[in-house]
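A short worksheet on the structure shown next.
In this note's numbering, the protein residues as written are 60 to 309.
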């Protein structure tokens with residue numbers, strides 16, 4: 060019976076080794092699974108935390124930017140119509156910003172009527188307010204074209220209107236919680252925002268003097284400057300020999 064005993068021992072040893080292998084395999088599998096799951100959880104937690112830490116400063120910066128953004132300049136079409144009396148700068152109207160246009164004569168302004176006999180005007184065909192920004196833009200456009208095609212010493216440009224009328228604005232707050240700070244239309248007189256010129260029908264806006272050989276350049280320069288103004292304008296060639304100067308009767 061000794062061989063039966065040996066067979067039982069071999070079988071028991073085989074079964075024990077198989078059981079140990081299975082146990083070891085299950086432990087390795089459990090460790091790998093736990094590692095994978097723990098890695099996934101760590102990754103998820105890390106991504107969530109990183110996204111939250113990244114998103115929070117962005118939100119704060121956006122809120123700060125929204126609070127710090129200043130309101131843009133109100134469009135000039137809001138002040139185009141003449142509805143009230145002239146409101147110039149005075150000791151009662153203080154804190155008025157300087158007008159955008161500071162130069163009214165460009166070119167050879169000391170040339171006489173004999174050297175620059177040709178004169179052309181840009182005339183307003185509407186009763187309206189013209190902002191100082193529009194006057195400056197028109198002056199730059201006309202001066203640039205004449206200096207390029209006629210020469211900087213071959214013309215004289217004059218802006219004929221001055222922005223003396225003061226425009227006001229009642230500023231409204233647009234940030235969070237503004238309804239607790241602002242008063243709406245109570246006390247809505249406003250503060251000075253800019254200046255404009257009150258223009259009548261037939262009033263001259265710009266005038267260009269030059270030689271007869273550069274007459275087409277002057278008319279084209281005023282045509283380009285016309286796009287800087289609101290409303291309607293006309294280009295009229297002057298028939299007076301003295302141009303833009305005033306002649307005293309004898």
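In this text, a Cβ means the ideal position worked out from N, Cα and C, and glycines have one as well.
Quiz item: Quick one: what's got a C-beta closer than 8 Å to residue 270's C-beta in the same chain, skipping five residues either side?
Solution: In the same chain as residue 270, and ignoring 5 residues on each side of it, the C-beta atoms closer than 8 Å to its own belong to 174, 175, 176, 177, 213, in chain order.
Quiz item: Is residue 287 buried or exposed, if buried means 16 or more other CB atoms sit within 10 Å of its CB?
Solution: With 16 or more other Cβ atoms within 10 Å, it is buried.
Quiz prompt | First through last residue of the beta strand (DSSP E) which encompasses residue 180 | solution = Residue 180 -> beta strand (DSSP E) spans 177-183.
Quiz item: Leaving out the 5 sequence neighbours to the left and right, which residues in its chain are closer than 7 Å to residue 157 when beta-carbon positions are compared?
Solution: none
Quiz item: If we count Cβ pairs, one from each stretch, closer than 8 Å, do we get three or more for the segment 223-240 versus the segment 258-277?
Solution: no
Exercise. Tell me where the beta strand (DSSP E) around residue 295 begins and ends.
Key: 292-296
Quiz item: Exposed or buried, which one is residue 249 when buried takes at least 16 other CB atoms within 10 Å?
Solution: exposed
Self-check item: C-alpha gap between residue 262 and residue 189, whole angstroms
Solution: 12 Å
Quiz item: So which of 206, 147, 238 has the shortest CA-CA distance to residue 165?
Solution: 206
Exercise. Could you pull out every unbroken alpha helix (DSSP H) segment of at least 4 residues lying fully inside the segment 252-285, listed in chain order?
Key: 274-284
Quiz item: Under the three-state reduction of DSSP, which class applies to residue 133: helix, strand or coil?
Solution: coil
Quiz item: Using the C-alpha atoms, what's the distance from residue 183 back to residue 297?
Solution: 15 Å
Quiz prompt | 8 Å contact criterion, which residue 295 and residue 268 should meet: CB distance rounded | solution = Contact check for residue 295 and residue 268: beta-carbon distance about 14 Å, past the 8 Å limit, so the pair fails to qualify.
Quiz item: Considering only residues of the same chain and omitting the five flanking positions on each side of residue 147, which have a CB-CB separation below 6 Å?
Solution: 223
Quiz item: Looking at residue 281 and residue 219, is the spacing between their C-beta atoms short of 8 Å?
Solution: no
Practice problem: Taking all protein chains shown into account, decide if residue 181 is buried (16 or more other Cβ within 10 angstroms of its Cβ) or exposed. | Solution: buried
Self-check item: N-terminal and C-terminal residue of the alpha helix (DSSP H) that residue 217 is part of
Solution: In the DSSP assignment, residue 217 falls outside any alpha helix (DSSP H) and lies within the beta strand (DSSP E) extending over 214-218.
Exercise. Would you kindly check if the distance between the Cβ of residue 291 and the Cβ of residue 185 is under 8 Å?
Key: yes
Practice problem: Please look up how many angstroms separate the CB atoms of residue 195 and residue 159, rounded, as I've assumed it's under 8 Å. | Solution: 4 Å
Quiz item: For residue 199, which option in 139, 163, 172 has the closest C-alpha, if you only look at C-alpha atoms?
Solution: 163
Quiz item: According to the neighbour-count rule (16 or more other Cβ atoms, all chains shown, within 10 Å of its Cβ), is residue 254 buried or exposed?
Solution: Taking every protein chain shown into account, the CB of residue 254 has 16 or more other CB atoms within 10 angstroms, so this residue is buried.
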